[in-house]
Amino acid sequence: MSEEFITFDKKSVSQTRLPTVTVETLNDLDASDLSEICDATEEAIDAGGGFGWISPPSRSVLENYWRGVLLIPERVLIVGKLDHVIAGSCQILKPPQNNEAQAFSCQLTTFFLAPWARGYGMAGQLVIEAENYAKSNGFHTINLDVRATQDRAIHSFETLGFSKIGTHPNYALIEGKYVAGYYFTKQI
0 MSEEFITFDK
10 KSVSQTRLPT
20 VTVETLNDLD
30 ASDLSEICDA
40 TEEAIDAGGG
50 FGWISPPSRS
60 VLENYWRGVL
70 LIPERVLIVG
80 KLDHVIAGSC
90 QILKPPQNNE
100 AQAFSCQLTT
110 FFLAPWARGY
120 GMAGQLVIEA
130 ENYAKSNGFH
140 TINLDVRATQ
150 DRAIHSFETL
160 GFSKIGTHPN
170 YALIEGKYVA
180 GYYFTKQI
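Quick note: the sequence shown, position 157, residue 156 per numbering that gives the first Met the number 0, numbers continuous.
If you want it as structure tokens, here you go:
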């Protein structure tokens, strides 16, 4: 008996079983990983979920960005995969070593999911993996910020116990208009 497939923007997920979601911390990106994370990034940006980008940059800029993330000791890359294909990510940003006063806290940043990977619980798994990493590395607080227009991300963070602690009315400038941003925190 042959399997039927539903196609989600160049990705196939079996109709006869739930796709497998995995989350892991990456220390390097092979050629396949780099291609997948760039594809997912472009699709997330096009869907309005880019982490600062409004429109996708050139492929070489994206590739250099992701390679650069792995070179920065204060950044930890966590990726989510749907059926072994990178579909989203987040990063933990550690404070610089000279910031002893805030050494207890880290930043959850660059959180995104490709649209075809939404609805499978990956967002929560990415955040939980980030929390586990932070806890195991001695952090007591995770902070994050997000555009007020990113309803799905906001809902995920609130569901996972993050508290909104502030609003910035001019957080981002998109198509000539200011968009508010929210700041969240969680004690872990």
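C-beta atoms are modelled at their ideal positions from N, C-alpha and C, and glycine is treated no differently. In this text the structure is predicted, and so the values were computed from the model without any measurement.
**Request:** Would you kindly report the start and end of the unbroken beta strand (DSSP E) that includes Ala171?
**Result:** 162 to 173
**Request:** Could you tell me whether the region 111 to 123 touches the region 56 to 73, using the rule of 3 or more Cβ pairs below 8 Å?
**Result:** The region 111 to 123, when compared against the region 56 to 73, does not touch it at the 8 Å Cβ threshold.
**Prompt:** Between the C-alpha atoms of Gln96 and Gln106, what's the straight-line distance to the nearest angstrom?
**Reply:** 14 Å
**Item:** Given Val75 as reference, the closest of Tyr132, Gly87, Ala86 once Cα atoms are compared
**Value:** Tyr132
**Request:** Under 6 Å Cβ to Cβ from Ile53, same chain only, skipping five residues before and after it: list those, please.
**Result:** Ile173
**Prompt:** For Tyr177, which residues of its own chain have a beta-carbon under 6 Å away from its beta-carbon, when the five flanking residues on both sides are left out?
**Reply:** Asn169
**Message:** If I measure Cβ to Cβ from Phe110 and keep anything under 6 Å in the same chain, skipping five residues before and after, which residues do I get?
**Reply:** Once the five neighbours on either side are set aside, the close Cβ partners of Phe110 are Cys89.
**Prompt:** Within the 8 Å Cβ cut-off, does Arg151 reach chain C?
**Reply:** You won't find chain C in this structure, because it holds only one protein chain.
**Asked** Residues bridged to Glu73 by DSSP?
**Response** Its beta-bridge partners do not exist; DSSP assigns none.
**Asked** Which runs of the alpha helix (DSSP H) fall wholly inside the region 41 to 110 and span at least 4 residues, in chain order?
**Response** Runs found: 58 to 68.
**Prompt:** Buried or exposed: which applies to Val60, given that a residue is buried once 16 or more other Cβ atoms fall within 10 Å of its Cβ?
**Reply:** exposed
**Request:** Would you give the residue range spanned by the alpha helix (DSSP H) that Ile153 belongs to?
**Result:** Counting along the chain, the alpha helix (DSSP H) containing Ile153 begins and ends at 150 to 158.
**Request:** Decide if Leu143 is buried, meaning its Cβ has at least 16 other Cβ atoms within 10 Å, or exposed.
**Result:** buried
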